[in-house]
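Asks:
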Amino acid sequence: MVVGRREALNFETGSLTPEEVESIFNGLPFDITFVDAEDTVRFYSESGGRIFPRSKAVIGMKVQRCHPRKSVHVVNQILEGFRAGGRGSAEFWIDLGGRKILIRYFPVRNEAGEYLGCVEITQDITEIKRIEGEKRLLGG
417 MVVGRREALN FETGSLTPEE VESIFNGLPF DITFVDAEDT VRFYSESGGR
467 IFPRSKAVIG MKVQRCHPRK SVHVVNQILE GFRAGGRGSA EFWIDLGGRK
517 ILIRYFPVRN EAGEYLGCVE ITQDITEIKR IEGEKRLLGG
């Protein structure tokens with residue numbers, strides 16, 4: 417589909433240009449990394465304050481090489497659970513420099529249920545944990 421004069425990616429719920437897709441990913445208040453079905457890093461977002469900095473050198477690298485050796489068995493356990501269909505997510509949280517960091521992994525599947533890979537979402541939840549009461553739309 418063409419939006420204005422630009423090619424767009426078509427989805428069931430609309431269309432976006434590649435620039436819009438990239439800007440959305442980079443504007444989210446969390447970091448996203450996608451690892452394909454062969455455990456290869458294919459994408460990461462470039463949000464302004466990445467919690468764990470990434471280099472473009474990780475693109476095409478096996479995800480196991482991006483983790484400390486002592487945690488590779490956990491990475492493999494999560495990925496195998498996703499592949500087998502027995503695991504719907506994996507979550508961890510750590511304290512890092514006085515901040516609370518939430519790290520979540522989710523399998524990505526196509527409409528037929530076939531495993532396409534997984535997405536890692538890393539978010540600083542320090543301020544979220546402090547929320548109390550209610551705040552209505554644009555309310556003080």
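Convert by adding 416 to the 1-based position in the sequence shown; the result is the number in our numbering.
Glycine included, C-beta positions come from ideal geometry on N, C-alpha and C.
None of the values given here were measured: they were computed from a predicted structure.
Under the three-state reduction of DSSP, which class applies to isoleucine 467: helix, strand or coil?
Replies: Isoleucine 467: coil per DSSP, three-state reduction.
Asks: For the alpha helix (DSSP H) containing isoleucine 440, name the first residue and the last one.
Replies: Isoleucine 440 -> alpha helix (DSSP H) spans 434 to 443.
Asks: Starting from the Cα of arginine 499, find the closest Cα among Lys551, Leu532, Ile448 and give me that residue.
Replies: Closest by alpha carbon: Leu532.
Asks: Give the straight-line distance between the Cα atoms of tyrosine 460 and isoleucine 537, rounded to the nearest whole angstrom.
Replies: Their Cα atoms are separated by approximately 10 Å.
Asks: My assumption, with CB atoms under 8 Å, is that isoleucine 467 sits in contact with isoleucine 517. Please give the rounded CB distance.
Replies: Right, the Cβ-Cβ distance comes to about 6 Å (below 8 Å), so this counts as a contact.
Asks: When you compare each of Glu507, Ile541, Lys551, Ile494 to glycine 514 by their alpha carbons, which one comes out closest?
Replies: Checked all of Glu507, Ile541, Lys551, Ile494; the closest Cα to glycine 514 is Ile541.
Asks: Just mark alanine 528 as buried or exposed, buried being the case when its beta carbon has 16 or more other beta carbons within 10 Å.
Replies: Exposed is the call here.
Asks: How many angstroms separate the CA atom of glycine 476 from the CA atom of lysine 545?
Replies: Going by the C-alpha atoms only, they are around 35 Å apart.
Asks: I think valine 479 touches valine 457, with their Cβ atoms under 8 Å apart; what is that distance to the nearest whole Å?
Replies: At roughly 6 Å, the Cβ-Cβ gap stays under 8 Å, so valine 479 and valine 457 are in contact.
Asks: Suppose you measure from the CA of isoleucine 494 to the CA of arginine 503; what does that come to, to the nearest Å?
Replies: Taking the straight line joining both Cα atoms gives about 8 Å.
Asks: Just reading off the alpha helix (DSSP H) that phenylalanine 459 is part of, what are its end residues?
Replies: Unbroken run through phenylalanine 459 is the beta strand (DSSP E), 457 to 460; no alpha helix (DSSP H).
Asks: In whole angstroms, what separates the C-alpha of aspartate 452 from that of arginine 481?
Replies: About 14 Å.
Asks: Between which two residues does the alpha helix (DSSP H) carrying glutamine 493 extend?
Replies: Its alpha helix (DSSP H) spans residues 488 to 500.
Asks: Do you know offhand how far valine 535's Cα is from glutamate 550's?
Replies: Roughly 31 Å between the two C-alpha positions.
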